[in-house]
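Chemist: These protein sequence lines map, in sequence, to chains A and B.
Here the numbering used here is used: the first residue of the first sequence is 1, the next is one more, and so on.
Here the numbering used here is used: the first residue of the second sequence is 1001, the next is one more, and so on.
Glycine included, each C-beta is placed from N, C-alpha and C at the ideal position.
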Amino acid sequence: MDLIRVVGVELITTAGVMVLTALLMLVLSWRIRAGRQIHLRPLKPFSALEGRLGQATEDASQMHISMGRASLTSKASATSVAAIAVLDRLAKDGTANGTPPVVTVGEGTLLLVSQERLRRAHQDVTRATRLPSGQAHFIAHETMPFTYAGGVASLMQQERVASAVMVGRFGPEIAVISDAATRKGIDQVIGTDNPTAMALSSVASDNTVLGEELFAAGAYLEGKPDQLAALLTQDILRYAVAAVILGAAIFRLIAG
Amino acid sequence: MILKRYLPLSIAISFGLLTLIGLLAPLAPISSLLLNWAGLLLAVALILGVLNLFSVHLKRLFSGRDVYSGILVLSMLAVFALALLDGGSSTSAGDGVRTAFTWIIFPLEAALASLLAFFLLFAGFRLVRRQPGRWSLLFLLTAALMLASSALAFSQLLPDQVSVLLDQFQHVVNDIIVVSGMRGILIGVALGTVVLSIRVLVGLDRPYSQ
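1) Who are the near neighbours of B:Ile1198 in its chain, counting only those whose CB is closer than 7 Å to its CB and skipping five residues on each side?
2) Relative to the C-alpha of A:Arg36, which candidate in A:Asp226, A:Ala255, A:Gln123 has its C-alpha closest?
3) Got a sec, what are the start and stop residues for the beta strand (DSSP E) A:Leu210 sits in?
4) In terms of alpha-carbon separation, which member of B:Val1178, B:Phe1154, B:Val1179 lies closest to B:Asp1167?
5) Can you tell me whether DSSP reads A:Gln188 as helix, strand or coil?
6) If I'm right that A:Gly218 touches A:Ala85 with Cβ under 8 Å, what's the distance once you round it to whole angstroms?
7) A:Gly68 by DSSP, collapsed to three states: which one?
8) Residues of chain B with a CB under 8 Å from the CB of A:Asp179: which are they?
9) Helix, strand or coil, according to DSSP, for B:Phe1015 in the structure here?
10) Less than 9 Å separating the beta-carbons of A:Met67 and A:Gly168?
11) Quick one: list the residues of chain D neighbouring B:Asp1086, beta-carbon separation under 8 Å, in chain order.
12) So what does DSSP say about A:Gln123, is it helix, strand or coil?
13) Can you list, in chain order, the residues of its chain with a C-beta nearer than 8 Å to that of B:Asp1205? Leave out the 5 residues immediately preceding and following it.
14) Whose Cβ in chain B lies nearer than 9 Å to the Cβ of A:His122?
15) Chain A partners of B:Lys1004, CB-CB under 8 Å?
16) Please identify, using Cβ separations under 9 Å, the residues of the segment 144 to 160 of chain A that lie next to chain B, in order along the chain.
17) Classify B:His1171: buried if its beta carbon has 16 or more other beta carbons within 10 angstroms, exposed otherwise.
18) Name the residue from A:Gly106, A:Ala128, A:Leu131 whose alpha carbon lies nearest to the alpha carbon of A:Ile139.
19) For B:Asp1205, go through chain A and note every residue whose CB falls closer than 7 Å to its CB, in chain order.
20) Determine, for B:Ala1028, whether the minimum Cβ-Cβ distance to residues of chain A falls below 9 Å.
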């Protein structure tokens, strides 16, 4: 009986939070479509991404995108979904400009998705249905982070890469990749949700997307109303959580 | 066209909701069935990944005469041969694949991991040269103080009062500043994950199609 009650409470709470969040997103999306102006605070890494695209077109160099090693079936899949939004934009623009990006992944499901996204971008530009080989690389299994880092670093040394975008789930191995990029003078944009990787990449690059900013990639790069609504919802939830934490702290302080 | 657009969407939404219910309610058969399917898909994706790695490097070997690609292809074939010789057994004493992993792959991984401190050190120096400002100074000061206080506390050369002060400094940096910052970041990541998951569940974000 107790188990049923506990499960029932969990189910109702989760469903309630989900429904409320979905409704909030729906209302905000509707208001944005109706003409409400949204001002996004400038985030340097996303502005840098736009610049890198232009640079790749000018000097006919390639952009390297590392998608990390979080499976789409794992708990960290949201990070990979956010990374896919970045890949989408860079693949579309890069292919249209004649400099399609090279993608490296450290997990099997990410390979399939990135190949499909690159193929779609290629098809939109050339009408060809087959993706030229060598654009998406599987480097190593997710359980071997440093092997993955070594493979990505090696590829950066061999290819004519002008800028590197590393978005997705990385761990401490990001330092190896970042060091290789720095030694070759490659500009870097790094986005991850892992605190250790964030700390390491903040030291290595000025263009680091920190934590939740990674989930704002779609809104910044594409700016569709539903993406902007999701970003606003995320902000509102953050303020609500901050208020609850602050309230609880004040309550404990007063209550002794 | 409609089928192509809505079939993956409906499958993704139904399985997303099923997984959610399986996580919240004690429905072991559903959870285990979905996990088995996901495991199978992961295994297939891994095989495709390995084939991709093999084909890319085989092409490089023949078109670009890339020595490293040649070594990689040979290594892959050697490990595959070892696996065949093992006869699919992963527990026997003469397990060739396990030996290769124990004596080659894991030490190589560990060697790269052990270089992290140097990578970080060089990155720190580069940061100070690139941005010689107050944040770089703060970074350097904190790093130097943390390292010095750990070393001095370990050596037991300092008087007790100074050691207590250093301990307090370490406590403030580690347990208050760093932990609260990390918690803040993780809460932000969790909120981002919740919003993105709902977007996937209602079909606004479609990582499986465009």
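Modeler: In this structure, then:
1) none
2) A:Asp226
3) 208 to 210
4) B:Phe1154
5) strand
6) 4 Å
7) strand
8) Phe1119, Phe1122, Ala1123
9) helix
10) yes
11) Absence of chain D from the displayed structure is noted, the protein chains being A and B.
12) helix
13) Leu1196, Arg1199
14) Within chain B, no residue comes near A:His122; the closest Cβ sits about 13 Å away, beyond 9 Å.
15) Correct list: empty, because the minimum Cβ distance to chain A is about 13 Å.
16) Met144, Pro145, Phe146, Thr147, Ala149, Gly150, Gly151, Ser154, Gln158
17) exposed
18) A:Gly106
19) Val81
20) no
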